[in-house]
Amino acid sequence: KPTPVPLYSTPPSRYGDDMTGKTTSLCVRRATFWCPELQAEDPAKKGVCSNYLCDASVGEQVKLTGPSGKVMLIPEKDPNADLIMVATGTGIAPYRSFIRRLFVEKTPYGEVYKGLAWLFLGVANKDALLYDDEWQSVLKSHPDNFRVDYALSREQKNKDGGKMYIQDKVAEYSDEIFDRMDKGAHMYFCGLKGMMPGITQMLESVSAAKGIKWEDKLKQWKENGQWHVEVY
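FYI, this note's numbering numbers position 130 of the sequence shown as 130, with every residue one higher than the one before it.
Next comes the structure, spelled out in structure tokens:
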């Protein structure tokens, strides 16, 4: 049985990291499976594409296809739109292209952008933070238009004393996020699908406190194109 084509979001924009438009890059984590019975990794259950890419040699030719899908796109018609980006691990990839397009590359949209690009990233510890040097540079150059919050599950505690997961970090700003969404913000989710129940439950509680039916509010955001989900 053929392996389905794996789809990756690319960290650079269409211009590539070198701005020539002829290169691209990927943010890939090797997928492995730890077998409790064998007390070792089971090679029969490893990720086909991630291991292929991680094992590829310099100079080896790799066949690519794309682009595919229209979920993770910036609303470039509105330069005042807030962009709330939620990621776990390598789910950071599409947001790097967003942020480069907004604040690093000289693009028409970036030059007129007046909204807030707010990044939430959940990883295990500081050593696993991806592109942190780039985020810190953007924070210095565009402090009024960029925010970043990290959820470090092995180093931070949530308000209940448990591990700080991405949904816990987002929950710290639940009212502000809800209000920004009501004013037209776009919210993006990329990474592990396990983060979604906690985040939707959090927003549902805010909705209830405001006397709003959550199902109707979510439907409104989806119909307005404000709700973008690409999880796995």
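Quick reminder that beta carbons are idealized off the backbone N, C-alpha and C, glycines included.
What you are looking at is a predicted structure, and each value in this text was computed from that prediction instead of being measured.
{"Query": "At least three beta-carbon pairs within less than 8 Å, the region 174-190 to the region 124-132", "Result": "no"}
{"Query": "Nearest candidate by alpha-carbon position, reference residue 9, set 25, 139, 54, 19", "Result": "25"}
{"Query": "Local Cβ density within 10 Å of residue 88, reported as buried at 16 or more and exposed below that", "Result": "buried"}
{"Query": "The region 202-219 in contact with the region 66-74 per 3-pair CB rule at 8 Å", "Result": "no"}
{"Query": "Simplified DSSP state of residue 120, which is helix, strand or coil", "Result": "strand"}
{"Query": "Status (buried if at least 16 other CB within 10 Å, exposed otherwise) for residue 54", "Result": "exposed"}
{"Query": "Status (buried if at least 16 other CB within 10 Å, exposed otherwise) for residue 34", "Result": "exposed"}
{"Query": "Simplified DSSP assignment, three categories, for residue 85", "Result": "strand"}
{"Query": "Pairwise C-alpha distance: residue 152 and residue 126", "Result": "7 Å"}
{"Query": "Residue 30 burial status per 10 Å Cβ neighbour count (16 or more: buried)", "Result": "exposed"}
{"Query": "Residue burial classification, residue 40 (beta-carbon count within 10 angstroms, cutoff 16)", "Result": "exposed"}
{"Query": "For residue 147, the first and last residue of its enclosing beta strand (DSSP E)", "Result": "146-152"}
{"Query": "Coil, strand or helix - residue 187 by DSSP", "Result": "strand"}
{"Query": "Supposed contact pair residue 138 and residue 86 - C-beta distance, whole angstroms, cut 8 Å", "Result": "Rounded, the Cβ-Cβ distance is 17 Å, inconsistent with contact."}
{"Query": "Minimum C-alpha distance to residue 194 - residue among 210, 230, 205", "Result": "230"}
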